[in-house]
Amino acid sequence: MATITTPTTEAPRGAPAAPGTPGWLRWVDEHRKWLFAAPAMAFVAALLVFPLAWTGYLSLTDAEGSVRAESEFVGLRNYLDVLSDTERFWPAVGRTATFTVVALLFEVVLGMAIALLLWRPFKGQRWVRVAILMPLVATPVAVGMMWRLIFDPNIGMANQLLGWFGIGPQPWLAGQHSALPTTIFIDVWQWTPMVVLILLAGLTSLSEEPQEAARIDGASTWQRFRHVTLPLLMPTLTVAVLLRGIDALKTFDILYATKGRGGGSFHEVETLNVYAYGLSFDYNEYGVSSTVLILFFLIIIGAMWALTARRKEAQR
Amino acid sequence: MRRRAIFGTSLAVVAAMGLSACGGGGDGGDGGSKTVRITLANHVWTDNIKKALPEFEKQTGLKAEITQLGEDQLSDQYNVKLNAGSSDIDVMMYRPLQEGRLFAKNKYLADLSEQVKANKDWDFGDFQSGPVEATTYEGKPVGVPIITEQEVLYYRKDLLAKAGLSAPPKTLDELKAAAAKIKASEPDVAGFVARTGKSPAVTQFSSFLYSFGGDFVDGSGKAAVNSDAAKQAYAFYGGLIKDSGPANVSTDMGWPEAMAIFTQGKAAFYTEANSLYKNATDPAKSKVSDNVGFAPFPAGPGGSKPYNIPSWALGVNSSSENTANAWKFIEWATGKAQTLAQQKSGVPGARTSVWADPEGTSTFPKDLVEAIAASTKDGVGHDRPLVVKVAESREIVGQPIVDAITGKDAAAAADTANAAFQKFLDDEAK
Numbered sequence: 001m002a003t004i005t006t007p008t009t010e011a012p013r014g015a016p017a018a019p020g021t022p023g024w025l026r027w028v029d030e031h032r033k034w035l036f037a038a039p040a041m042a043f044v045a046a047l048l049v050f051p052l053a054w055t056g057y058l059s060l061t062d063a064e065g066s067v068r069a070e071s072e073f074v075g076l077r078n079y080l081d082v083l084s085d086t087e088r089f090w091p092a093v094g095r096t097a098t099f100t101v102v103a104l105l106f107e108v109v110l111g112m113a114i115a116l117l118l119w120r121p122f123k124g125q126r127w128v129r130v131a132i133l134m135p136l137v138a139t140p141v142a143v144g145m146m147w148r149l150i151f152d153p154n155i156g157m158a159n160q161l162l163g164w165f166g167i168g169p170q171p172w173l174a175g176q177h178s179a180l181p182t183t184i185f186i187d188v189w190q191w192t193p194m195v196v197l198i199l200l201a202g203l204t205s206l207s208e209e210p211q212e213a214a215r216i217d218g219a220s221t222w223q224r225f226r227h228v229t230l231p232l233l234m235p236t237l238t239v240a241v242l243l244r245g246i247d248a249l250k251t252f253d254i255l256y257a258t259k260g261r262g263g264g265s266f267h268e269v270e271t272l273n274v275y276a277y278g279l280s281f282d283y284n285e286y287g288v289s290s291t292v293l294i295l296f297f298l299i300i301i302g303a304m305w306a307l308t309a310r311r312k313e314a315q316r
Numbered sequence: 317m318r319r320r321a322i323f324g325t326s327l328a329v330v331a332a333m334g335l336s337a338c339g340g341g342g343d344g345g346d347g348g349s350k351t352v353r354i355t356l357a358n359h360v361w362t363d364n365i366k367k368a369l370p371e372f373e374k375q376t377g378l379k380a381e382i383t384q385l386g387e388d389q390l391s392d393q394y395n396v397k398l399n400a401g402s403s404d405i406d407v408m409m410y411r412p413l414q415e416g417r418l419f420a421k422n423k424y425l426a427d428l429s430e431q432v433k434a435n436k437d438w439d440f441g442d443f444q445s446g447p448v449e450a451t452t453y454e455g456k457p458v459g460v461p462i463i464t465e466q467e468v469l470y471y472r473k474d475l476l477a478k479a480g481l482s483a484p485p486k487t488l489d490e491l492k493a494a495a496a497k498i499k500a501s502e503p504d505v506a507g508f509v510a511r512t513g514k515s516p517a518v519t520q521f522s523s524f525l526y527s528f529g530g531d532f533v534d535g536s537g538k539a540a541v542n543s544d545a546a547k548q549a550y551a552f553y554g555g556l557i558k559d560s561g562p563a564n565v566s567t568d569m570g571w572p573e574a575m576a577i578f579t580q581g582k583a584a585f586y587t588e589a590n591s592l593y594k595n596a597t598d599p600a601k602s603k604v605s606d607n608v609g610f611a612p613f614p615a616g617p618g619g620s621k622p623y624n625i626p627s628w629a630l631g632v633n634s635s636s637e638n639t640a641n642a643w644k645f646i647e648w649a650t651g652k653a654q655t656l657a658q659q660k661s662g663v664p665g666a667r668t669s670v671w672a673d674p675e676g677t678s679t680f681p682k683d684l685v686e687a688i689a690a691s692t693k694d695g696v697g698h699d700r701p702l703v704v705k706v707a708e709s710r711e712i713v714g715q716p717i718v719d720a721i722t723g724k725d726a727a728a729a730a731d732t733a734n735a736a737f738q739k740f741l742d743d744e745a746k
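Written as structure tokens, this is what we have:
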């Protein structure tokens, strides 16, 4: 078979510099693409790379009290200390994972169910959509404070409501073991609408033909969902899981607004974020706090990598 | 290798700031300007001073710019701004016992030695010695105390009368019995309420600890939260809340939550700082304003030993470029006239002359004045461990409180806490 070769000469970009132009102007001309990108690159470096590098440096020191005070370079000691801390660090890792996985699971399943319900037009659909999106537009801190009032064990509405059905008062956020599930509930309440929004966008963009073909072949509703809708929706679903997963991993405001510093008296809802915040602002231990943040950063990168790898696998 | 950190702030701080969505104000940096930038906490004192500001502005020709924040946000703001060496705070309201040592050690607070001597009429010698001691670091005054606090017993006169009690309890044992009696006869009302959060409860628990004869550290500076007295105090405080406290009690209550239960008419007894009394007696805030009584802190085996402390002070940010005008504000805000006006509207001050002036106590409930007088006589000058890293130490010594409230073994918790506290003290001494 004859091979077709295409000319590989560089296409001229703009008018060539006229003979007699000064050398610097020619240099500018040749490096145009870098020069235009430079401000943006400097911006990214200043806002992303520098703080990250600075945190990395702090994590190798014993900085405490004030970041302006003298601190000593301690190598990997903070990392060894943090990684062997089974009292605060590892339980916080566990809670972060529990919170993320459970909240995500509920949000995706519920979100899918609601999106499927809203998919087909019905009367009053517009109003239902608006109502469902309400929690999404509220500030998480305000949401946390609102639920804190509702879940107050003595004067809150939740227990009054249970009372009408003859169920005894529950400790909700106050309980040592019920606090984390309650905050997960709040997160699900606030963020399921976001999953609905993404999935609904995905559903409405799906082509009708495969559905119709399946219907003609006599597939049941469940079969159509399982074998047609779900596979077609997979890319959208992965996006939803990715976005919401990263967000859930770094949840802070709902936890802080409902349980305060340290995630409660028994650190019931202390996730990595709440822990790092406490190390910085309550204990003024900037070195250890930076170590926790760097480790947390690595965990997020790892989780993202795993999720995107799975996405590629699913698409193969 | 020793290195001096010269850069401003870290990602730890930046990230946490982002997370908490704190917004910074506009940075000016206009040195020696006519505008004094003052950061204050949400407090009755602040409300009063804001009303009086026009007077200050007229007197001095300066403009006062107030930033007002909740206690936690205030702390975070200082941690970020002072850490970065920001000059956009001139005057700062701070808690001498909570942050005083840390701020002074970090050199955030300007040395006020010259200023306090400058004006004879202002009279620094008039300030009570306990509060002044708390605002002094390494022999130098770094703040001026503005609010003092003692722990007193708040109670409901009507519930006491209904239970057939003619006077408020004088001892902790009487308090326990009265609380149990009222809870048994009034199904919707708790006998006793107090702070339950691990860290917030420490300050109010301290008076129980002292009255049982204990303290956080002993005479030689060793951790003492597992002494017999301390174990009894933990068991008593936690037990009182567990047995006579509100149903479904949470272990997260600070003063706003505990006060809400009391002012909603859901508790008979409440031990709290006297400086918060207006919350209970103001009809706009309290459903039981007509029936609130005050009594000195009940005596334990070691006597009645409530804390008697300066809770807030004013300091000058050492990075401020407007220190002269900052001092002018402090001088005015802590002068005799302002202190008297503050005290008349219910804020206990630190000036001896104002307490000696009958006008200074004229607006306080009579029983509260008596309770305060008793507290200042036998009071203890601290309500938390006297260390640099106060927040961390509070969490350690507060753990047995929440353990006792949730029905765990208080003595075992005290032993564990003591070991942790000793390690903490050793680390800090290094």
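So the sequences go chain by chain: A and U.
According to the working numbering, the first sequence is numbered sequentially starting from 1.
According to the working numbering, the second sequence is numbered sequentially starting from 317.
Glycine is no exception: its CB is placed at the ideal position from the N, C-alpha and C atoms.
Just so we're clear, the structure is a prediction, and the values are computed from it rather than from any experiment.
Exercise. Check whether the stretch 86-96 of chain A touches the stretch 264-281 of chain A, counting contact only when three or more Cβ pairs, one atom from each stretch, lie closer than 8 Å.
Key: yes
Quiz item: Do we get a CB-CB distance below 8 Å when we pair Ile577/U with the residues of chain A?
Solution: yes
Quiz item: According to a CB-to-CB cut-off of less than 8 Å, which residues of the stretch 697-710 of chain U neighbour chain A?
Solution: Val704, Lys705, Ala707 and Glu708
Quiz prompt | Limits of the beta strand (DSSP E) - the one that Gly773/U falls within | solution = With chain U covering only 317 through 746, there is no way to say anything about residue 773/U.
Quiz item: How long is the line joining the alpha carbons of Val505/U and Lys660/U, rounded to whole angstroms?
Solution: 33 Å
Practice problem: Using three-state DSSP, classify Phe43/A as helix, strand or coil. | Solution: helix
Quiz item: Does DSSP put Tyr424/U in a helix, in a strand, or in coil?
Solution: Annotated three-state conformation of Tyr424/U is coil, per DSSP.
Exercise. Could you spell out where the alpha helix (DSSP H) holding Asn624/U opens and where it closes?
Key: First-last for Asn624/U: Asn624 to Val632, but that is the beta strand (DSSP E), not the alpha helix (DSSP H).
Quiz prompt | Interface partners of Ala657/U on chain A, CB under 9 Å | solution = Going along chain A, no residue has its Cβ under 9 Å from Ala657/U, so there is no contact; the nearest lies around 34 Å.
Quiz prompt | Length of the line joining the Cα atoms of Phe252/A and Thr668/U | solution = 46 Å
Quiz prompt | Boundaries (first-last residue) of the alpha helix (DSSP H) holding Ala450/U | solution = Ser445 to Ala450
Quiz item: So with Cβ pairs under 8 Å, would you call Ser178/A a contact of chain U?
Solution: no
Exercise. Count the other CB atoms, across all protein chains shown, that sit within 10 Å of the CB of Leu136/A; report buried if there are 16 or more and exposed otherwise.
Key: exposed
Quiz item: Are the beta-carbon atoms of Ile186/A and Gly144/A separated by less than 8 Å?
Solution: yes
Quiz item: What are the boundary residues of the alpha helix (DSSP H) that includes Met112/A?
Solution: Run containing Met112/A: Phe89 to Trp119, per the alpha helix (DSSP H) assignment.
Quiz item: Grouping DSSP H, G and I as helix and E and B as strand, with all else coil, what is Thr308/A?
Solution: Correct three-state label for Thr308/A: helix.
Quiz prompt | Where the stretch 249-267 of chain A meets chain U: residues whose CB sits under 8 Å from a CB there | solution = Lys250, Phe252, Asp253, Tyr256, Lys259, Gly260, Arg261, Gly262, Gly264, Ser265 and Phe266
Self-check item: Proximal residues to Ile300/A (C-beta, below 8 Å), its chain only, five neighbours per side dropped
Solution: Ile246, Leu249 and Lys250
Practice problem: Taking only the alpha-carbon atoms, compute the straight-line gap between Arg417/U and Gly714/U and give it to the nearest angstrom. | Solution: 20 Å
Exercise. Would you mind reading off the limits of the beta strand (DSSP E) that contains Pro461/U?
Key: Val460 to Arg472
Quiz item: For Val74/A, which three-state DSSP category applies?
Solution: Coil at Val74/A, not helix or strand.
Exercise. Output yes if chain D places a C-beta closer than 8 Å to the C-beta of Phe185/A; else output no.
Key: Of the chains in the structure shown, none is chain D; the protein chains are A and U.
Quiz item: Taking Cβ positions, are Phe737/U and Ser691/U nearer each other than 8 Å?
Solution: no
Quiz prompt | Backbone CA spacing between Lys33/A and Phe43/A [nearest angstrom] | solution = 16 Å
Quiz item: Bridge partners of Phe585/U, per DSSP?
Solution: Beta-bridge pairing links Phe585/U to Tyr471/U and Phe508/U.
Quiz item: If you count every other CB in all the chains shown that lies within 10 Å of the CB of Ala131/A, and 16 or more means buried, which is it?
Solution: Per the 10 Å Cβ criterion, exposed.
Self-check item: Nearest candidate by alpha-carbon position, reference Val188/A, set Glu313/A, Leu104/A, Ala201/A and Phe165/A
Solution: Leu104/A
Practice problem: Determine whether the Cβ of Pro562/U lies closer than 8 Å to any Cβ atom of chain A. | Solution: yes
Quiz item: So what does DSSP say about Gln384/U, is it helix, strand or coil?
Solution: strand
Exercise. Would you mind stating whether Tyr553/U and Lys621/U have Cβ atoms separated by less than 8 Å?
Key: no
Self-check item: Buried or exposed (CB count within 10 angstroms, at least 16 for buried), Asn435/U
Solution: exposed
Quiz item: Helix or strand or just coil, what does DSSP make of Met569/U?
Solution: DSSP places Met569/U in coil when its eight states are reduced to three.
Quiz item: Comparing the C-beta of Thr722/U with each C-beta of chain A, is any distance below 8 Å?
Solution: Using a CB distance cut-off of 8 Å, Thr722/U counts as an interface residue toward chain A.
Quiz prompt | is_contact[Gln580/U, chain A] using C-beta, thresh 8 Å | solution = yes
Quiz item: Given Lys582/U, which residues of its chain have a CB within under 8 Å of its CB, disregarding the five upstream and five downstream residues?
Solution: Asp504, Val505, Ala506, Val509 and Pro562
Quiz item: Hey, quick one: how far does the alpha helix (DSSP H) through Val274/A stretch, first residue to last?
Solution: Leu272 to Phe281
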